[in-house]
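The structure appears below as structure tokens.
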Amino acid sequence: MRIAFLGTAAAITTENRDNTSFLVGDTLIECSGNAFGKMRKLGYNPLRLKNVIITHGHVDHVYGLPSLVEMMRLSGRENPLKIYVSEVFSNLVKTYLGMFNFMEKERRFPVEVEEIRYGFQLIDEDLIIEFFPVKHSVENFGLKIKSFDSIVVYSSDTEPCKEVIEQSFGADLLIHEATCSYLFSKRIEGHTCAEDAARIAQQSGVKILCLVHLGPDINNEKKLIDELKKFFLGDILIPGDLEKIIL
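Quick note on numbering: the sequence shown equals residues 816 to 1062 in the working numbering.
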């Protein structure tokens, strides 16, 4: 399995990090910034994309969607694109696309917004993506991504919660948000400090912890990793934008 990060920042971007989103197989998880251009930089043809998953309706997870859809249309896409989002936020996504009159334009391609609930499974070739609840300020999904040889769990935005620990048992990689860190800032409601993400990784026994959704106060990655080694004995990664992890 290959994970390619388009962005790794929390809601506030920095000069080096755009908002968190990543590509796995032909599925884009979260859609912020210039997703089309970044997929091309990663060597991936955006017209191959089959699915977009929006875990929740906060602006940093969804605002790039109209631009992505329009760039696909202008590039001659014909195949349908499926957008998976919870029932709570499906109208937001439809309204957002409707603001730009996409469905009224010539040479448009089918865009299907599918409402999903906890427990839903998205099956695409050799990938199975399962949706489970996490603890954020709004309804939100975490994701468990399974292939024939690896398991990846993505926490999305959440406070530390038992659901992430339970879903991560036996996983190869835990992609966990780290909006804050006790080293650099105070705890933020609805989010996780990096140190607590490390504790979750240790409790669940994952092999690798990968931190994303990094807050702007986290500005010394080496110092942070050294601190996290007190709590997690496995490998710790803090990827930059446009970096890849291959399992």
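Note that beta-carbon positions come from the ideal geometry of N, C-alpha and C, so glycine has one too.
- request: Hey, could you find the ends of the beta strand (DSSP E) Gly913 is sitting in?
  value: Here Gly913 belongs to no beta strand (DSSP E); instead the alpha helix (DSSP H) covers 902–913.
query: Got a sec? Which residues, its chain only, sit under 6 angstroms from Leu880 by beta carbon, not counting five neighbours each side?
result: Cys846
field: Helix, strand or coil at Ser836 [DSSP, three-state]
entry: strand
- request: Can you tell me which of Leu1062, Gly848, Tyr878 puts its alpha carbon nearest to the alpha carbon of Asp764?
  value: Residue 764 is absent from the structure shown; the chain starts at 816 and stops at 1062.
task: Starting from the C-beta of Cys976, find all residues in its chain whose C-beta is less than 7 angstroms away, skip the five residues before and the five after it, and write them out in chain order.
output: Val949, Lys950
message: So for Phe820, helix, strand or coil by DSSP?
response: strand
field: C-beta contact flag for Tyr899 and Ile868 at 8 angstroms
entry: yes
- prompt: With DSSP run on the structure shown, which of helix, strand or coil describes Glu978?
  reply: helix
message: Quick check: Leu1048 and Gln1017, are their CB atoms within less than 8 angstroms of each other?
response: yes
query: Anyone know if the C-beta pair for Ser962 and Phe984 falls short of 8 angstroms?
result: no
Reduced DSSP secondary structure (H/G/I, E/B, other) of Glu845: coil
field: Neighbour-count burial assignment, Asn1035, 16 or more Cβ in a 10 Å radius
entry: exposed
message: Can you tell me where the beta strand (DSSP E) holding Lys865 begins and where it ends?
response: Run containing Lys865: none; DSSP gives neither H nor E here.
query: Measuring CA to CA, which of Leu1029, Pro1031, Gly1030, Arg1014 is closest to Ile1023?
result: Arg1014
- request: Could you check the C-alpha separation between Gly1055 and Ile827 for me, to the nearest Å?
  value: 15 angstroms
query: Quick one: what's Lys920 bridged to in DSSP?
result: The partner list for Lys920 (beta bridge, DSSP) is empty, contrary to what the question assumes.
task: Within 10 angstroms of the Cβ of Glu1069, are there 16 or more other Cβ atoms? Answer buried if so, exposed if not.
output: A question about residue 1069 goes unanswered here, because the residues of the chain that appear run from 816 up to 1062.
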